[in-house]
Amino acid sequence: MNLGRWWRTIRDIPPRQLAARVQFEIKARSLPHLPLSLRRSLAVGNPIPTPALRQGYLKALEFPKLPQDFAPPEATYTFTFLNQSRQLAFPIPWNSPDYPRLWQFNLHYFDWVREVLTRGYQQGQIDAASLSPLKHLIGDWIAANPLCSFDGWHPYTTSLRLVNWTFATRAIPTLAEPETITSVWFQVNYLHRHKEYFAGGNHLLENLRGLIIGGLNFDSPKAESIVRLALDQLAQQLAIQVLPDGGHYERSPMYHLIVLNLVAETVACLQNAGWSIPDTISEPLHRMLQFAENIRLSSGLFPLWNDAAYNVINPLDEIVSWVSQLLGKSPTHPTDDLHKCLLRAAKILPVRPTPLSLFKLMSSSFPNSGYYILRNRHGVEIAFDCAPPGPNELPGHAHADCLTIDVYFKGQPLIVDTGISEYSSGAIRSYERSTSAHNTVAIANQNQSEVWGSFRVGRKAQPFNVQSNQSQGWQWISSAHNGYANSPFNVIHRRWVGLGIEGIVILDCLNTELTTDYTSNLHFAPGINLTYQQDLDEYCGQFNGTNLYVKIFGLATDDRVKCLDFDSSQSWYAPELGMRLPRGLLKIQGKLLPAGKTICILLTIGSRQTVTFKWLDNRGQLQFDGSTCLNWILSQGNLTTQVTQV
Numbered sequence: 037m038n039l040g041r042w043w044r045t046i047r048d049i050p051p052r053q054l055a056a057r058v059q060f061e062i063k064a065r066s067l068p069h070l071p072l073s074l075r076r077s078l079a080v081g082n083p084i085p086t087p088a089l090r091q092g093y094l095k096a097l098e099f100p101k102l103p104q105d106f107a108p109p110e111a112t113y114t115f116t117f118l119n120q121s122r123q124l125a126f127p128i129p130w131n132s133p134d135y136p137r138l139w140q141f142n143l144h145y146f147d148w149v150r151e152v153l154t155r156g157y158q159q160g161q162i163d164a165a166s167l168s169p170l171k172h173l174i175g176d177w178i179a180a181n182p183l184c185s186f187d188g189w190h191p192y193t194t195s196l197r198l199v200n201w202t203f204a205t206r207a208i209p210t211l212a213e214p215e216t217i218t219s220v221w222f223q224v225n226y227l228h229r230h231k232e233y234f235a236g237g238n239h240l241l242e243n244l245r246g247l248i249i250g251g252l253n254f255d256s257p258k259a260e261s262i263v264r265l266a267l268d269q270l271a272q273q274l275a276i277q278v279l280p281d282g283g284h285y286e287r288s289p290m291y292h293l294i295v296l297n298l299v300a301e302t303v304a305c306l307q308n309a310g311w312s313i314p315d316t317i318s319e320p321l322h323r324m325l326q327f328a329e330n331i332r333l334s335s336g337l338f339p340l341w342n343d344a345a346y347n348v349i350n351p352l353d354e355i356v357s358w359v360s361q362l363l364g365k366s367p368t369h370p371t372d373d374l375h376k377c378l379l380r381a382a383k384i385l386p387v388r389p390t391p392l393s394l395f396k397l398m399s400s401s402f403p404n405s406g407y408y409i410l411r412n413r414h415g416v417e418i419a420f421d422c423a424p425p426g427p428n429e430l431p432g433h434a435h436a437d438c439l440t441i442d443v444y445f446k447g448q449p450l451i452v453d454t455g456i457s458e459y460s461s462g463a464i465r466s467y468e469r470s471t472s473a474h475n476t477v478a479i480a481n482q483n484q485s486e487v488w489g490s491f492r493v494g495r496k497a498q499p500f501n502v503q504s505n506q507s508q509g510w511q512w513i514s515s516a517h518n519g520y521a522n523s524p525f526n527v528i529h530r531r532w533v534g535l536g537i538e539g540i541v542i543l544d545c546l547n548t549e550l551t552t553d554y555t556s557n558l559h560f561a562p563g564i565n566l567t568y569q570q571d572l573d574e575y576c577g578q579f580n581g582t583n584l585y586v587k588i589f590g591l592a593t594d595d596r597v598k599c600l601d602f603d604s605s606q607s608w609y610a611p612e613l614g615m616r617l618p619r620g621l622l623k624i625q626g627k628l629l630p631a632g633k634t635i636c637i638l639l640t641i642g643s644r645q646t647v648t649f650k651w652l653d654n655r656g657q658l659q660f661d662g663s664t665c666l667n668w669i670l671s672q673g674n675l676t677t678q679v680t681q682v
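In the working numbering, the protein residues as written are 37 to 682.
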């Protein structure tokens with residue numbers, strides 16, 4: 037056991053949170069082995085009679101006409117999660133060592149209920165073939181997962197299932213059989229006593245949403261007290277978790293959308309039940325919506341920073357659309373049918389979207405989150421990550437990716453981070469979180485932040501000297517980080533990224549006390565291969581029928597550049613969980629001496645640029661033939677920039 041790494045991992049976690057983790061682990065290991073009666077007493081308290089249902093709750097979700105009979109259960113059911121399909125015999129083996137842990141969690145979520153409901157709303161009715169699996173699988177889950185059996189009773193799976201069963205039983209009243217409603221009530225009471233204080237973050241918010249939406253099912257003082265406490269805690273957590281610029285503090289665009297959606301669903305259900313929404317919830321919801329609108333790329337996607345993947349949550353545009361209407365704003369994209377019903381439940385009439393007429397040209401800055409997106413009228417977008425790994429007490433979704441960049445052209449990825457294909461501990465998870473999997477610089481083949489296991493981080497790189505500006509058609513952002521400052525080499529990495537009509541410039545300044553190795557990676561999107569043209573000393577390729585040119589300046593004679601295609605690079609792009617697509621890699625490697633090193637990369641799309649570069653005594657210049665000259669001065673750790681015309 038690496039005690040030093042363990043200490044660096046837990047030293048930032050508050051003692052109360054560590055104690056909650058120990059308590060949870062003891063319960064998770066002991067409760068399933070106790071007699072059921074004792075489990076009930078310890079997990080949910082004294083026997084609690086199931087109260088009457090709240091009349092009219094989420095009536096807008098109800099289908100006007102339902103089949104009269106249920107078909108018998110099928111012999112097998114096919115479940116597809118994380119791009120992995122499994123055919124399971126009925127009764128379902130809900131917990132199996134053969135399933136990856138996250139796949140098993142998805143099995144217990146019942147998120148597929150939303151797909152069934154949405155398809156029914158689109159068709160105007162729900163048929164017996166769709167209705168029967170709901171009845172049989174809900175009943176089978178109750179029979180096969182007694183109280184406190186894991187993973188079905190993990191607080192996180194319980195939270196998501198509570199919301200999905202609430203939507204299902206309110207949309208299809210024939211599912212609200214006594215056994216099902218009793219199970220929902222027990223799950224509410226269980227979750228009330230087993231919130232994930234040990235995890236915090238999006239997990240705790242999911243707990244609170246489950247308690248509010250699930251608790252509102254019932255018309256009783258006990259249920260109301262559970263809902264009221266959860267509502268108060270939700271306001272407290274949003275004050276902690278939503279940054280001033282609207283970003284979620286775990287700094288994953290995917291989890292930001294998850295949190296935005298879960299808070300909005302909570303608000304819609306509260307409004308339906310006649311509860312007032314405090315400003316402590318509505319105000320951060322407005323900020324989160326604004327963040328989502330501005331982190332959006334022209335394709336409608338978002339940067340895959342930290343743990344992020346597509347198709348885990350509804351598309352960004354759908355979420356922004358329905359939340360905009362919930363907050364009294366006009367949507368710009370269509371809303372999915374389930375959330376249209378939730379809007380009606382919140383007494384808001386969905387409206388037709390007003391499409392965006394022009395590509396968004398304004399660059400976006402999120403100084404509290406540490407994310408920046410540079411945009412120009414030619415369709416180029418540069419996403420720059422100079423964010424801390426995450427909150428010190430909750431860095432589990434962090435990657436060692438400080439100062440990484442993504443480049444998109446007309447909505448398509450050109451240079452892009454790896455993303456995530458799985459959460460299971462192992463070589464793939466370790467690589468996808470590593471510095472080498474991102475478009476930044478690694479020193480001595482080490483990670484900037486000490487990522488390890490599936491969700492652990494020891495030493496954490498912190499950005500500093502973040503600056504942004506624009507002048508004479510150029511816009512730029514620069515930052516440094518201290519991820520290698522405590523290494524034996526004491527290396528500081530400073531990066532400047534600029535976007536102008538002439539192209540994209542990446543300037544890396546590396547300073548060290550001792551000689552070491554460095555590696556700078558540019559991971560290209562699948563389908564892009566570069567070839568080296570020796571006479572021009574540049575790398576050329578094709579991107580969606582457009583010429584692509586890459587020039588590298590500042591290399592020493594012993595530095596090496598490897599232009600690896602998708603057959604040899606061993607790099608991949610993982611836009612979705614369970615998916616890995618091979619792609620090309622441009623790798624720059626060499627020695628880093630105490631004198632320091634400055635490398636400049638020029639990337640142009642469409643036309644080749646003639647340029648000269650020089651760097652001497654912490655002063656640099658990149659001059660474009662007959663047009664612009666970029667000038668830098670590195671002084672006392674600050675990198676200042678001036679743009680002049682030739």
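For every residue, glycine included, the Cβ atom is placed at its ideal position computed from N, Cα and C.
In the three-state reduction of the DSSP assignment, Ser318 falls in the helix class, which pools H, G and I. Assigned with DSSP and collapsed to three states, Ala521 falls in coil, not helix or strand. Distance from the CA atom of Ile588 to the CA atom of Val647, rounded to whole angstroms, is 11 angstroms. A distance below 8 angstroms separates the beta carbons of Trp189 and Tyr226. For Asp343, the number of other beta carbons within 10 angstroms of its own is at least 16, and it is reported as buried.
Linking Tyr408 to Ser514 through their CA atoms gives a straight-line distance of about 10 angstroms.
Taking the C-beta atoms as reference points, Ile635 is found no nearer than 8 angstroms to Gly673.
Residue pairing by DSSP puts Asn505 in a beta bridge opposite Trp512. For Cys636, the enclosing beta strand (DSSP E) has its first and last residue at Lys633 to Ile641.
Beta-carbon to beta-carbon, Arg411 and Ser399 are separated by about 5 angstroms, close enough to satisfy the 8 angstroms threshold. As far as DSSP is concerned, Thr218 takes part in no beta bridge. Listed as beta-bridge partners of Ala419 by DSSP are Ile409 and Asp442. In summary, Asn547 is buried, with 16 or more beta-carbon neighbours lying within 10 Å of its beta-carbon over all protein chains present. Looking at Ser643, Gln681 and Gly642, the one whose alpha-carbon comes closest to that of Gln659 is Gln681. For secondary structure counted as the alpha helix (DSSP H) over 4 or more consecutive residues, the stretch 521-570 holds no complete run. Distance from the CA atom of Thr302 to the CA atom of Leu535, rounded to whole angstroms, is 41 angstroms.
Rounded to whole angstroms, Phe491 and Phe649 show a C-alpha spacing of 42 angstroms. Counting along the chain, Lys63 sits inside no beta strand (DSSP E); it lies in the alpha helix (DSSP H) bounded by residues Pro51 to Ser66. In the structure shown, the three-state DSSP call for Phe117 is strand. Beyond the five residues adjoining it in sequence on each side, Leu198 comes within less than 6 angstroms, by CB distance, of Gln223, Gly246 and Gly250 in the same chain, given in chain order.
Across the set Ser556, Ser335 and Asn505, the C-alpha of Asn505 shows the shortest separation from the C-alpha of Ser401. By the 16-neighbour rule on beta-carbons within 10 angstroms, Glu98 is exposed. If you look at Gly40, you'll find it in the alpha helix (DSSP H) that goes Leu39 to Ile46.
Within the model, the alpha-carbon separation for Leu622 versus Asn557 is close to 6 angstroms. Comparing alpha carbon positions, the residue from Cys545, Ile62, Ala207 and Ile456 closest to Tyr157 is Ala207.
The C-beta separation of Ile540 from Val679 comes to about 15 angstroms, leaving the pair out of contact by the 8 angstroms criterion. With distances taken between CA atoms, Leu244 lies nearest to Leu274 out of Glu215, Ser507 and Leu274. Shown here for Ser405: same chain residues with a beta carbon closer than 7 angstroms to its own, the five before and five after excluded, namely Leu279, Asp281, Gly283, Arg287 and Ala423 in chain order. With respect to Leu362, Ala419 sits apart: the two C-beta atoms are not nearer than 8 angstroms.
Remark: C-beta atoms of Tyr444 and Leu450 approach each other more closely than 8 angstroms.
Membership of Trp139 in the alpha helix (DSSP H) is indicated by the continuous run Arg137 to Tyr145. DSSP lists Gln569 as the beta-bridge partner residues of Glu574. Beta-bridge annotation (DSSP): Pro499 is paired with His517. The three-state secondary structure of His239, taken from DSSP, is helix. Taking every protein chain shown into account, the CB of Pro427 has 16 or more other CB atoms within 10 angstroms, so this residue is buried. Beta-carbon to beta-carbon, Arg41 and Gly494 are separated by about 5 angstroms, close enough to satisfy the 8 angstroms threshold.
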